[in-house]
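Colleague: Numbering (our numbering), first residue to last: 11 to 99. Backbone N, C-alpha and C define an ideal beta-carbon position, used for all residues, glycine too. Sending over a structure as structure tokens; questions will come in a sec.
Next up, the structure:
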């Protein structure tokens, strides 16, 4: 489930540390959160779509790893993005 380019750009602009920043953990966590939410909505309709469920679990794991990395490196940044996207530190 891909995100539209306009929606992606909005997320990047909201969470970027500097203009054009797409690689920071904050942006990556925010993009993964949007993709996870979209897949959750998809799986509510298509419960037996096990391939998408596997992708969802991989995205959740990657988001958790990025979040843990960010908290280890800079706890205040981790707490800030955690509050924005609804993750606990």
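Report the three-state DSSP secondary structure of residue 46 (helix, strand or coil).
Modeller: DSSP places residue 46 in helix when its eight states are reduced to three.
Colleague: Pick helix, strand or coil for residue 56, following the three-state DSSP scheme.
Modeller: Looking at residue 56 - three-state DSSP - the assignment turns out to be coil, as it is neither helix nor strand.
Colleague: Our contact map puts residue 46 next to residue 70 with C-beta atoms below 8 Å; I'd like the distance itself, whole angstroms only.
Modeller: Right, their Cβ atoms sit about 6 Å apart.
Colleague: Please report the Cβ distance between residue 39 and residue 81, rounded to the nearest whole angstrom; I am assuming they are in contact, meaning their Cβ atoms lie under 8 Å.
Modeller: In fact, because the Cβ distance is near 11 Å, the residues do not count as touching under 8 Å.
Colleague: Shorter than 8 Å from the beta carbon of residue 61 to some beta carbon of chain B?
Modeller: The chain inventory of the structure shown lacks chain B, comprising one protein chain alone.
Colleague: With distance defined between alpha-carbon atoms, name the residue in 25, 19, 13, 12 nearest to residue 87.
Modeller: If we check each option's Cα against that of residue 87, 25 comes out closest.
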